[in-house]
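In the numbering used here, the protein residues as written are 1391 to 2664. Using N, Cα and C, we set each Cβ at its ideal position, and we do this for glycine too. Data block below; observations after.
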Amino acid sequence: MEALNDTSILSWNIRGAHNNNSRRHLKEVIRKYHPTFLAILETHVPYARLSSFWTNNGYTPVHVIEANGHSGGIWLLKHSVASTTTTIIDSNQYSITLTLTHGDASSTCTCVYASPNPTLRTNFWNYLIDLSLTIVGPWMLLGDFNETLLPSDQRGGIFQHTRAGIFANLMDQCNLLDLTTTGGRFTWHRNHNGLRILSKKLDRGLANVEWRLAFPEAFVEVLCRLHSDHNPILLRFGGLPIARGPRPFCFEAAWIDHSDYSALVERAWTSSNHNTTTALNNVRQESITFNQEVFGNIFKRKRHIESRLKGVQNYLERVDSLHHNLLERNLQREYNHILFQEEMHWYQKSREQWVKFGDKNSAFFHTQTIIRRKRNRVHRLQLPDGTWSSDSSVLQYEAQQYYKNFFGGNQPNHDSSFYNGLHPTIDEEGKTSLLRPVTKEEVAAALNSMKPYKAPGPDGFQCIFFKQYWHIVGDDIFNLVKTAFDTGYFNPAISETLISLIPKIDTPTTFKDFRPISLCNIVYKIITKVLVLRLRPILDSIIGPYQSSFLPGRGTSDNAIVLQEIIHFMRKSKKKKGYVAFKLDLEKAFDNVNWNFLKSCLHDFGFPDETTQLIMHCVTSSNFSLLWNGNKMPPFKPSHGLRQGDPLSPYLFILCMEKLSIAISDAVRQGTWAPIHISDNGPRLSHLLFADDVLLFTTAKTSQLRFISDLFSRFSDASGLKINLSKSRAFYSAGTPQSKINKLISITGIRSTASLDKYLGFPILQGRAKRSDFHFIIDKMQSRLASWKNRLLNKPGRLALASSVLTSIPSYYMQIVWLPQSICDDIDQITRNFIWKDSNNKGIHLVGWNKIARPKQCGGLGVRQAREANISLLGKLVWEMVQSSGKLWVHLLSNKYLGGPNFLSSSNSSSGSSTWSSIIRTKDILKDGFSWRAGSGSSSFWSTPWTTLGRLGSLVPYVDIHDLQLSIKDVLSTGNPHTQKLYTQLPPSISDVINNTNFKFNDTIDDAFIWTNNKNGTYTTKSGYNWLLSLRDPITNHNPSHSWSWIWKLRLPEKIKFFFWLACHNSVPTLSLLNHRKMNPSATCTRCGLHDESFLHCIRDCEFSRSLWNHIGFNNLDFFSNLDVYDWLKLGATGSNDLLFSAGLWWSWRHRNLMCLNNETWSLSRISFHIRAMVETLRNCFSPAPNDGSIDRYIKWNHNNYPCTILNVDGSCLDSPVRSGFGGIIRNTFGHYLAGFSGFLQGSSDILLAELYAIYKGLLLAKDMNIDEFVCYS
């Protein structure tokens, strides 16, 4: 397609082409951009009136659609010197479709001017859908679509979700992508009295995947708006020339697959005299030479093998030759090897981690890589002096200067002593943990915690390199890390960093619209990972309850719940003195942290000097090199900031923010800061922090706001962190007078708002949750599950992506609010359609949604239904409320409403917040899954819901004064009947329940409520979801003897496992199934014409299939006698000939499709050849590697908590034969083996019984060894 790279099309809704301003501006645009084609829209006049104007400017008409008065009109013109050939395919009043041809390159283009009338526009969308079915190859659409796609495409006015959904459906049906746009977010503006009141992105470029791949550098540029209310847009097929510069080295994961590469790494590494920096440089140089001289270009080798294969196959069509048959087989093997390397290449570059590698998804990885590159490529920006530039060299220079000044510029002199009061400090145990000697196990654990294909640092080596060759590089890496911890120093070259610019918005316009992300070397990240793994357990004792970021057991939802309650309280508050909530944005927070302030924080929190020295060396030793459009710029030295991308940075940042938190809490204690009380006995709320998101709460008083302003001014001077006033907002309570609000705004400079909109991604609701509050979830899912991905992925790939999207997008928002049912239905529908429907929105839903939503071991795919997932996630909040955990939000809600064990019997409050209503609604569904577990029995007999009847005190008219203080143990410890101890009169039904209840009490543990669907009694999202499914679908009560887990454990590609799963559900689309669903007139097999085409007939019993099975060696009569699909497949797939059976099954189905759909009939020898080749491939790819040597496996032995003898036990169970096993070992305090045992329980699959029996056997063994004191781990 390179012949068309010089082509450009300029589209402009000009709002009348004949007036002087239009012609003057057209001349200027032509002079400046020289477009190959012009698409002039909404012309208002006949073309003849401007024909001489176009001739004089060098353009000739390609096709003209005249305007109807002031409505419509499309003029398509071509530059007279352009050599591109055009052929009109179709046209109507809203579009012109043509083919552009230059040499061998060809592309279909549609120029669009959609009707402003929504009804007519819908008809036009249907026309485009029909048109797409006739187009083959690259297709692009450009023009004025008169519709927005996403809420971010509009500023002002009301976003029309319904119309946007119809437009999105058009893109899905036609497999269209929104082309990269630069130069501005909006293309249409409506002004009133000189003020802009509404802006939208109505003009855009769309293209199918073929066009995007054919023109990977293409982008749409939004040009300066002139007299029209629309901006002109310019599409350049080949993009703009990119200034070339040095490109950073990048390790190719496909090299690992080459037999010679491991020896190369070992040779290069060992020649470095144990210097890690030198070793990596040696490997890099050797790898570059290896790639040029040995490995070669994957794509060239692929084309070469394809050419040879074609020649051999053509020869075999004429001559039978054993030599050429063997040659074809060897070439096929080599071709499969190259395909594997190609897939690894694109998988590595795509940065997609959710999809299963090894399932031939190369086309998807390639497309995703191209799209990601274009999203991050910068073509046009507004420079700091206000001018716009698209010159690549100018942009590159300005970017280097901007970020060099930003990171390396001197900050004003800071007073690091912001707050000198009392600080929590690290205790002696924590200091010992930080200073203990580094072990190789720690280093290996740090490496293994990193994902293998994350972007590399300046040295170019990804984590996969170090994991793959750990046996070569491990000792040197360990010694480097150990030296760094011992001395607080390492070679600064290790901490060198690449700065990658990630756009914050879809169409960045200035350098401020990019987020600088640091790409650190893996060796450096290992050092900081080890430091982080030691630091995380200690921080919980230092960081107060008002920060909830990056710490175990704390999350985004904690703060969001508290804020939702505060806003709910403030909306109902009528007090005129009022309250105010500030949502502050810290400007470039991580990048502005002052290093002196950081060092003072480490000192104040009691960090050892050695640790402080290492941390500060990590922070200050780096040099930055900017990555600009793939070029590595010259390095520069930063003077402040924490690197976003360094594992250590988030934890250092929250230490800095804890300084602020301590100062605020101290001000509250001293009475100089008035916090908000939303309940009488509840916590006083002054602030919430999550990384750089700051929330402040106080009374709306002048004195308060002056104090806060002064406090933040001093904090800013010390830390370097400044408030971005333009992005910060203040929310005032309902009763605050407007005159007072205006006065307070003048003090703080922070504008007021009627809604805080979102916090940490969660919508802050106003009243009941509405569909419009959560429609953005649907938009995000539709974007992630776009139809073009559907076409490039097989069904297991679609399933993996759908599961990933469900996990990452809706699940996040489901944590704290009950989603509207319509949103849940849409989530389910989007997921179902993505899995089953193809790119043309056609496809059969082969298995019912309720079956898909089951766990995999119960015959499902593990995809969760939205409503049940929502309830199970909210169940975590119910569990926290029942257990009265120490979290701030639990304390808040318990005091405002009701908490603890009595929570399960509470009811919803009409004045409760949306979060509380969601929790109560969830509690009412899950409460039957909770039960009371007796401990000491000290809970109140009357107010604790310890029976299935609930709280007994609410079931009787009154409680006798003698019984008021009775505990459960007081009553149930007496002899039968238990009620003889009571003075209170009870109905007979209640007395029967009490008298028939018996507990064994244990004074060493507390009474508690437990979750009955989990053996350890703790509620989890998974156990909650499975419990909900069991209510609706009893089959999900798992029966180990009929588990489907065997399918997913097969050593096969995911697509074949998926085929097995379909077959076990009798849902393979045979003619029998299609006839049953009224999709085919006959169920009779078209190959033999004798029997209905069931699955077994199609795959095994039809004479064509039977002869194939006989040919490859399955000729036992028992093989054809089994009539149960599930049993036959399980027996074959888990038997001794498992790979041959699976390959035969796959090719039997493929050959059936070739015969029935393509009218192709292959010989048995040819099919057998493909089956044998597939078996060999499966054996090479999925068989376990031979154990040709010992492999170090590091198992952490923890003896810090209990310095005594340890008993480790475990139990497990098998489905068939039904039995459970147990075992255990006894070790001394240093982890050395003392004794062990094992055994099994025949006829039992109870895992809990196996665990208990293991403990029993361990106790007997310990008794025999005279061990009186030990700790047991199960």
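Checklist entry - P2245 and E2444: beta carbons closer than 8 Å? => result Their beta carbons are not under 8 Å apart, which means P2245 does not touch E2444 by this criterion.
Item to check | Where A1407 sits in the DSSP three-state scheme | outcome: Under the three-state reduction of DSSP output, A1407 falls in the coil class, being neither helix nor strand.
Checklist entry - Apart from the five residues just before and just after V2268, which ones in its own chain have a Cβ nearer than 7 Å to its Cβ? => result Correct list, in chain order: I2309, T2312, K2313, L2316.
Next on the checklist: For V1784 and Q1791, I'd like the C-alpha separation in whole angstroms.
Outcome noted: Here the alpha carbon of V1784 sits roughly 11 Å from the alpha carbon of Q1791.
Checklist entry - With distances taken from CA atoms, which of G1968, P1638, Q1852, S1938 is nearest V1913? => result The closest CA to that of V1913, considering only G1968, P1638, Q1852, S1938, is found on Q1852.
Checklist entry - Closest by CA to F1904, which one among S1677, S2664, K1978, S2532? => result It is K1978 whose Cα lies nearest to the Cα of F1904.
Checklist entry - Got a sec, what are the start and stop residues for the beta strand (DSSP E) Y2663 sits in? => result Secondary structure note for Y2663: its beta strand (DSSP E) is the uninterrupted segment 2660 to 2663.
Checklist entry - Roughly how many angstroms separate the alpha carbons of R1741 and F1641, rounded to a whole number? => result Interpretation of R1741 is limited by its pLDDT of 48, a score under 50 that renders its predicted location unreliable; no figure is taken from the coordinates.
Checklist entry - Do the CB positions of G1546 and L1592 come within less than 8 Å of each other? => result Going by C-beta atoms, G1546 is not nearer than 8 Å to L1592.
Checklist entry - Alpha carbon to alpha carbon, how far is S1398 from F1427? => result If you take the alpha carbons of S1398 and F1427, they lie about 6 Å apart.
Next on the checklist: Considering only their Cβ atoms, is the gap separating L2085 from F1972 smaller than 8 Å?
Outcome noted: Note that the C-beta distance between F1972 and L2085 is below 8 Å.
Item to check | Contact set for S1711: own chain, Cβ-Cβ below 8 Å, skip 5 residues either direction | outcome: For S1711, same chain residues with a beta-carbon under 8 Å away, outside a window of 5 residues either side, are Y1705 in chain order.
Next on the checklist: Extract the residue ranges of the alpha helix (DSSP H) inside the stretch 2199 to 2271, only unbroken runs of 4 or more that lie entirely within it.
Outcome noted: For the stretch 2199 to 2271, the full-length alpha helix (DSSP H) segments reaching 4 residues or more read 2200 to 2203, 2211 to 2226, 2239 to 2242 along the chain.
Checklist entry - Looking at C-alpha atoms only, which residue of I1479, I2557, P2459, T2001 is the closest neighbour of L2547? => result Measuring from the Cα of L2547, the nearest candidate turns out to be P2459.
Item to check | Residue environment, T1572, which counts as buried when at least 16 other CB atoms sit within 10 Å | outcome: Of the residues assessed, T1572 falls on the buried side of the cut-off, its CB having 16 or more other CB atoms within 10 angstroms.
Next on the checklist: So for M1960, helix, strand or coil by DSSP?
Outcome noted: M1960: helix per DSSP, three-state reduction.
Checklist entry - Is it right to say A2673 is buried, meaning 16 or more other beta carbons lie within 10 angstroms of its own, or is it exposed? => result What is shown of the chain runs 1391 to 2664, which leaves residue 2673 out entirely.
Next on the checklist: Let me confirm a value: M2469 is counted as buried when at least 16 other C-beta atoms fall within 10 Å, else exposed. Which label applies?
Outcome noted: Burial call: exposed.
Item to check | Neighbourhood of S2123 by C-beta distance below 6 Å, restricted to the same chain and skipping five residues each side | outcome: Contacts found: M1960, S1963, G1968, Y1969.
Item to check | Cβ separation of S1485 and C1501, assumed to be a contact under 8 Å, to the nearest whole Å | outcome: Their Cβ separation, rounded to whole angstroms, is 6 Å, which keeps S1485 and C1501 in contact under 8 Å.
Next on the checklist: For L1532, tell me which candidate among A1554, W1402, D2318, W2306 has the shortest Cα-Cα distance.
Outcome noted: For L1532, the closest alpha carbon among the candidates A1554, W1402, D2318, W2306 is that of W1402.
Checklist entry - What did DSSP end up calling Y1843 once you bin it into helix, strand or coil? => result In this structure, DSSP gives Y1843 a state outside helix and strand, which the three-state scheme calls coil.
Next on the checklist: Quick check: the Cα distance between S2029 and G1798, rounded to an integer number of angstroms?
Outcome noted: Those two C-alpha atoms are separated by around 5 Å.
Checklist entry - Would you report the Cα separation of R1405 and I2140, rounded to the nearest angstrom? => result Roughly 40 Å separates the two Cα atoms.
Item to check | Segments assigned alpha helix (DSSP H), at least 4 residues, entirely inside the stretch 2070 to 2131 | outcome: The DSSP assignment places 2092 to 2109 as complete runs of the alpha helix (DSSP H) inside the stretch 2070 to 2131, in order along the chain (cut-off: 4 residues).
Item to check | Unbroken beta strand (DSSP E) run spanning A2625, endpoints | outcome: Run containing A2625: 2623 to 2632, per the beta strand (DSSP E) assignment.
Checklist entry - Y2643: buried (16+ other C-beta within 10 angstroms of its C-beta) or exposed? => result Classification of Y2643: buried, given that the 10 Å Cβ count is 16 or more.
Checklist entry - Roughly how many angstroms lie between the CA atoms of L1837 and L2440, to the nearest whole one? => result The C-alpha of L2440 is placed about 29 Å away from the C-alpha of L1837.
Next on the checklist: Would L2196 and T2411 be called neighbours here (beta carbons separated by less than 8 Å)?
Outcome noted: Contact: no.
Item to check | Straight-line Cα distance separating D1543 from G1574 | outcome: Distance between the alpha carbons of G1574 and D1543: 11 Å.
Checklist entry - What span of residues does the beta strand (DSSP E) with M1530 cover, start to end? => result Bounds of the beta strand (DSSP E) holding M1530 are 1529 to 1534.
Checklist entry - Can you give the Cα-Cα distance for H1694 and E1724, rounded to whole angstroms? => result Straight-line Cα distance between these residues: approximately 11 Å.
Checklist entry - How is the beta strand (DSSP E) around N1598 delimited, first residue to last? => result In this chain, the beta strand (DSSP E) harbouring N1598 covers 1593 to 1598.
Checklist entry - W2018 bridges to which residues according to DSSP? => result Here W2018 is bridged, per DSSP, to N2021.
Checklist entry - So, is Y1449 buried or exposed, given that buried needs 16 or more other C-beta atoms within 10 angstroms? => result Y1449 counts as buried, since no fewer than 16 other beta carbons sit within 10 angstroms of its beta carbon.
Checklist entry - Thinking just about the alpha-carbon of each residue, which of P1436, L1440, N1395, K1919 is nearest to the one in L1371? => result Lying before the first or after the last residue shown, residue 1371 is absent from the chain, which here runs from 1391 to 2664.
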